[in-house]
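**Student:**
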Amino acid sequence: QKCALDDLMSSLNKSVASAVLEKVTLSCIDVPGSGFDVECPKGYKPTGCSCTNAGCYWDIRNDQTCHCFLVTMNRIGVIARCCKFAM
Amino acid sequence: QKCALDDLMSSLNKSVASAVLEKVTLSCIDVPGSGFDVECPKGYKPTGCSCTNAGCYWDIRNDQTCHCFLVTMNRIGVIARCCKFAM
Amino acid sequence: QKCALDDLMSSLNKSVASAVLEKVTLSCIDVPGSGFDVECPKGYKPTGCSCTNAGCYWDIRNDQTCHCFLVTMNRIGVIARCCKFAM
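Going down the list, the sequences are from chains A, B and C.
If you count the first sequence from 1, you need to add 13 to reach my numbering.
If you count the second sequence from 1, you need to add 13 to reach my numbering.
If you count the third sequence from 1, you need to add 13 to reach my numbering.
Put into C-alpha cells, the structure is as follows:
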C-alpha cells in the first residue's frame, strides 16, 4: 500500500510540475514614474530599473521600489520592470 | 467522503508545490544586439536591459523587446536579460 | 477506467497549479559589491544589474555574476538584482 501511494505521488508530482509549467508564466509590466522613485504594484517584484537620465545608478527599496540616484541634474523619471507569476 | 478528498487534495497541493519548486527554476539568458533594440526569444520575458553606451536609458516594448534611447552618439548595442520558467 | 484517471489528473493539475501559484512567489534580493563584479548567491539568478557610476554598461557572466564595464574612472560599485522561486 505504502509504495503504491509513493508511486502515485511521484508520477503526480512530475505530471503536475509540467502542467504547472505549461499554465504558470512569468508576467511582467513596465511602471513609469517621474522623479526618483517608482513602486511596483502589489504582487509584483522589481527585477530591474531604468533611470531616464544620463546617470543610471539605481537600487531597490523595500523590495518593491526602484530608486534612481541623482547623478546629473537632467532628471526625467524612472521605469520599474515589475514581474510576478501568473496563470 | 467529501472531507477525505479535501485532505487528499490539500496534502497533494503541498507536496506537489514543493515538488514543483524543486523541479522548476528561473532560467535566464543574455541576448546581445547592436543598434537600439533587441528581442527576447519566444517563451522568455525581458527582466532588465543594458545599453552599451554612456547613456543607459531603456524601456521594454511589447513586453518582449529591450529598447535603448539614444542619449549620446557613442551607440554600441543593447543586451536584454531574458528569463522564463524551466524544468 | 482510463478516462476517469485522465479527468482526475486534469482537475488535480488545475487545482494544484493554482495552489502552487498561491504558495510559490518570486523572491528577490539586492546584492551590493564594490569594484566591477558581484555574484548572486546560490539558487538565485541575476535579473538585472546596476553599475554605481555614471557609465552603466553591464552584462552577466556565467549566468550568476553582474559585471560592470569601466566607462569612466569614478567607479563606486555594482548592485545585482537576484531572484528565485520561494514558498
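By construction, the Cβ of each residue, glycine as well, lies at the ideal position given by its N, Cα and C atoms.
Computed from a predicted model, the values in this text were never measured in an experiment.
Look at the alpha carbon of residue 47 (chain A) and the alpha carbon of residue 82 (chain C), and state the distance between them as a whole number of angstroms.
**Tutor:** Spanning the two alpha carbons is a distance of roughly 27 Å.
**Student:** Tell me, to the nearest whole angstrom, how far the beta carbon of residue 51 (chain C) is from that of residue 79 (chain C); I am working on the premise that it is less than 8 Å.
**Tutor:** Confirmed, Cβ separation roughly 5 Å.
**Student:** In chain C, which residues lie less than 8 Å from residue 31 (chain B) when you measure between Cβ atoms?
**Tutor:** Correct list: 100.
**Student:** Determine the direct distance from the alpha carbon of residue 92 (chain C) to that of residue 55 (chain C), and round the result to whole angstroms.
**Tutor:** Taking the straight line joining both Cα atoms gives about 16 Å.
**Student:** Note the first and the last residue of the continuous beta strand (DSSP E) segment covering residue 54 (chain B).
**Tutor:** Careful: residue 54 (chain B) lies outside any beta strand (DSSP E) and carries neither H nor E.
**Student:** Taking the beta strand (DSSP E) that residue 72 (chain B) falls in, what are its first and last residues?
**Tutor:** Start and end: 71–74.
**Student:** Could you pull out every residue in the same chain whose Cβ sits closer than 7 Å to the Cβ of residue 76 (chain B), ignoring the five residues on either side in sequence?
**Tutor:** Correct list, in chain order: 58.
**Student:** Name the chain B residues whose beta carbon is nearer than 8 Å to that of residue 61 (chain A)?
**Tutor:** Here the neighbours are 60, 61, 62 and 94.
**Student:** Would residue 60 (chain B) and residue 61 (chain C) qualify as a contact pair, given that the criterion is a beta-carbon distance under 8 Å?
**Tutor:** Yes, the pair counts as a contact, with Cβ atoms nearer than the cut-off.
**Student:** Could you tell me which chain B residues have their CB closer than 8 Å to the CB of residue 42 (chain C), listed as they occur along the chain?
**Tutor:** The premise fails here: residue 42 (chain C) is roughly 13 Å from chain B at the closest Cβ pair, so nothing lies under 8 Å.
**Student:** Identify which residue in A:43, A:35 and A:90 has its Cα closest to the Cα of residue 72 (chain B).
**Tutor:** When each option's Cα is compared against that of residue 72 (chain B), the closest is A:43.
**Student:** Is there a Cβ from chain B that is less than 8 Å from the Cβ of residue 39 (chain A)?
**Tutor:** It does; some Cβ of chain B falls within 8 Å.
**Student:** Measuring only the C-alpha atoms, how far is residue 33 (chain B) from residue 33 (chain A)?
**Tutor:** When rounded, the distance between both Cα atoms is 8 Å.
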